[in-house]
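Worksheet: the structure to be examined is printed underneath.
In my numbering, the protein residues as written are 55 to 230.
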């Protein structure tokens with residue numbers, strides 16, 4: 055849950071992974087609640103471990119439980135996409151409906167269901183700094199979410215804060 059909180063406020067959408075064999079667990083409820091509280095606008099569900107469930111009715115029951123849980127936290131349970139699959143089977147190269155095609159369907163559903171947010175790229179670059187690391191051989195590394203603008207490697211940037219403004223050069227950009 056702690057790891058989920060850290061990045062959730064910046065998400066355009068989320069994948070909720072729930073075991074088809076076990077159904078929603080207490081942590082599933084917590085993740086949905088936290089998603090709602092920090093403003094995650096869209097959720098796509100991946101019902102994993104479908105290879106461990108032989109009963110189609112059990113799969114339907116778990117799906118109903120997930121939809122009810124989403125409704126409880128003001129997500130559109132009836133309209134939320136739920137993909138049934140097995141990550142293990144996909145990794146093994148299985149080409150059945152629950153194998154690799156299910157993961158492909160998940161990716162396609164993310165593209166279709168979660169709209170591309172509008173990014174304000176015309177204004178000057180602005181990124182509030184969330185954390186600072188000193189990495190040997192790399193120097194000082196900062197993390198944060200780009201609020202607006204664009205930055206490229208080699209560009210001069212200003213670090214503005216409580217202390218005097220400092221200028222430095224962007225030596226790398228990574229996205230997670």
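For glycine and all other residues, C-beta sits at the position ideal for the given N, C-alpha and C.
For clarity, every value in this text was computed on a predicted model and none was experimentally measured.
Q) What first and last residue would you give for the beta strand (DSSP E) that runs through residue 194? A) 193-198 is the span of the beta strand (DSSP E), which, as asked, contains residue 194.
(Q) Check for me: the alpha helix (DSSP H) holding residue 160 runs from which residue to which? (A) Looking at the DSSP string, the run of the alpha helix (DSSP H) that includes residue 160 is 154-167.
Q. Residues in its own chain within less than 7 Å of residue 278 by CB, not counting five upstream and five downstream?
A. Look at the range of the chain in this structure, 55 to 230, and you will see that residue 278 is not part of it.
**Q.** Integer-rounded CB distance, given that residue 141 should sit under 8 Å from residue 97
**A.** Going by Cβ atoms, the distance from residue 97 to residue 141 rounds to 18 Å, so no, they are not a contact pair.
(Q) Along the chain, where does the alpha helix (DSSP H) containing residue 73 start, and where does it finish? (A) Segment 68-73 is the beta strand (DSSP E) holding residue 73; no alpha helix (DSSP H) there.
Q. CB-CB under 6 Å to residue 212, same chain, minus the five flanking residues each way: which ones, in chain order?
A. Excluding residues within five positions, the ones whose Cβ falls inside 6 Å are 219, 221.
Q: Note down, in chain order, each residue of its chain lying with its Cβ closer than 6 Å to the Cβ of residue 135, except the 5 sequence neighbours on either side.
A: Here the set comprises 98, 163, 167.
Q. Cα separation between residue 88 and residue 216?
A. Residue 88 and residue 216 have their C-alpha atoms roughly 31 Å apart.
Q: Verify whether the separation of the beta carbon atoms of residue 210 and residue 182 is less than 8 Å.
A: No, the Cβ-Cβ distance between residue 210 and residue 182 is not below 8 Å.
Q: Identify every residue that forms a DSSP beta bridge with residue 221.
A: The partner list for residue 221 (beta bridge, DSSP) reads 212.
Q. How would you write the range of the beta strand (DSSP E) that residue 52 sits in, first residue to last?
A. No information on residue 52 is available, as it lies outside the stretch 55 to 230 that the chain covers here.
Q: Determine the closest residue to residue 91 out of 128, 146, 186, 228, with distance taken between C-alpha atoms.
A: For residue 91, the nearest C-alpha among the options comes from 128.
(Q) Would residue 77 and residue 111 be called neighbours here (beta carbons separated by less than 8 Å)? (A) Their beta carbons are not under 8 Å apart, which means residue 77 does not touch residue 111 by this criterion.
Q. When DSSP labels each residue in this structure, what does residue 101 get in the three-state scheme?
A. Correct three-state label for residue 101: strand.
Q. Does the beta-carbon of residue 194 have 16 or more other beta-carbons within 10 angstroms, so that it is buried, or is it exposed?
A. Counting of Cβ neighbours within 10 angstroms places residue 194 among the exposed residues, the total staying below 16.
Q. Which residues in the same chain have their Cβ closer than 8 Å to the Cβ of residue 198, if we skip the five residues on either side of it in sequence?
A. Cβ neighbours of residue 198 beyond the five flanking positions: 181, 182, 183, 184, 185.
Q) If you run the structure through DSSP and keep just helix, strand and coil, what is residue 116? A) DSSP places residue 116 within a helical segment (H, G or I) once states are collapsed to three.
Q: Give the single residue among 123, 225, 106 whose Cα lies nearest to the Cα of residue 84.
A: Looking at the Cα atoms, 123 is the closest of the given residues.
Q | First through last residue of the alpha helix (DSSP H) which encompasses residue 86 | A | Note, residue 86: alpha helix (DSSP H), 80-91.
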